[in-house]
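In my numbering, the protein residues as written are 1025 to 1258. What follows is one structure encoded as structure tokens, with my remarks underneath.
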């Protein structure tokens, strides 16, 4: 099979406008995944009655089902449910006019939150319990203890795994084309479909995601260096 270099270069240039869409989805998903994942981790670490069982079930369900299935189910069900809610309350909203990017952010955000919850849970458990007790002894409340002592140390442990989870989530956003999102993959597939030149298009997608993942890795490496002062001693 011959590789059309000219088409590959032209396609690579034309899919550049899809980068902000991809990064926007990834950032939006992280804004959901990080706080929700941390909340799940806190619930499980502190073994809050009943709630921790529900959290564990939620994590197992999301992690145990393919994200492709989650996309099909949520993108099929949510608009219909939203439309019923709109009609019931006579809201002046077009339920089916909601951008698929919003649904993509929700799907990838809640999916990634389950992976981050396990990362945060392990990181929180790595901090010696004596440090929490010492903080309470000197008069710090629970919020101050977590903000000043527990979280900084936990993040220093979690950072490498958070980097991996973030890159995996970024790569998963390539599935957003299934919801007609014109991101990197969506644009590349649309251009390739004209002349059935999918080899060149997938090569461009490969290059784009490789570069983006390398950038994310560098950002996390810089962040990890700043967190070294909080590293939990062995």
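Each residue gets a CB set at the ideal place from its N, CA and C atoms; glycine is no exception.
| said: If we require 4 or more residues per run, which alpha helix (DSSP H) segments fall completely within the segment 1154 to 1219? | reply: 1166 to 1169, 1175 to 1196, 1208 to 1219
| request: May I ask you to report which of helix, strand or coil DSSP gives residue 1152? | output: Against the chain shown, residue 1152 aligns to sequence position 128. Residue state, collapsed to three classes: coil.
| field | For residue 1146, three-class secondary structure by DSSP | value | Working through the chain shown from its first residue, we reach residue 1146 at position 122. Correct three-state label for residue 1146: helix.
| task | Kindly indicate which three-state DSSP category residue 1113 falls into: helix, strand or coil? | result | Within the chain shown, the letter at position 89 stands for residue 1113. Helix, per DSSP.
| query | Do residue 1163 and residue 1053 come within 8 Å of each other at the CB atom, strictly closer than that value? | reply | As a working note, residue 1053 is residue 29 in the chain shown. As a working note, residue 1163 is residue 139 in the chain shown. Not in contact: residue 1053 and residue 1163 (Cβ atoms no closer than 8 Å).
| task | State the start and end residues of the unbroken alpha helix (DSSP H) segment that holds residue 1044. | result | Looking up residue 1044 in the chain shown gives position 20. Element bounds for residue 1044: 1043 to 1069.
| field | Buried or exposed (CB count within 10 angstroms, at least 16 for buried), residue 1253 | value | Walking along the chain shown from the start, residue 1253 turns up at place 229. Exposed, because fewer than 16 other Cβ atoms sit within 10 Å of the Cβ of residue 1253.
| Bounding residues of the alpha helix (DSSP H) (the contiguous stretch that carries residue 1238) | Looking up residue 1238 in the chain shown gives position 214. Segment 1222 to 1251, the alpha helix (DSSP H) holding residue 1238.
| query | When the Cα atoms are used, what is the spatial distance from residue 1033 to residue 1192? | reply | Locating residue 1033 in the chain shown gives position 9, where the first residue counts as 1. Locating residue 1192 in the chain shown gives position 168, where the first residue counts as 1. Between residue 1033 and residue 1192, the C-alpha separation is close to 26 Å.
| task | May I have the straight-line CA-CA distance separating residue 1039 from residue 1129, to the nearest angstrom? | result | Along the chain shown, read from residue 1 onward, the residue named residue 1039 stands at position 15. Along the chain shown, read from residue 1 onward, the residue named residue 1129 stands at position 105. Distance between the alpha carbons of residue 1039 and residue 1129: 20 Å.
| message | If I follow the unbroken alpha helix (DSSP H) through residue 1082, where does it start and stop? | response | Indexing the chain shown from 1 puts residue 1082 at position 58. Element bounds for residue 1082: 1075 to 1087.
| First through last residue of the alpha helix (DSSP H) which encompasses residue 1036 | The residue labelled residue 1036 in the question sits at position 12 within the chain shown. Residue 1036 -> alpha helix (DSSP H) spans 1029 to 1038.
| message | Is it buried or exposed, residue 1144, if we count other Cβ atoms within 10 angstroms and call 16 or more buried? | response | The sequence position of residue 1144 within the chain shown is 120, counting from 1. Answer is buried; the Cβ neighbour count reaches 16.
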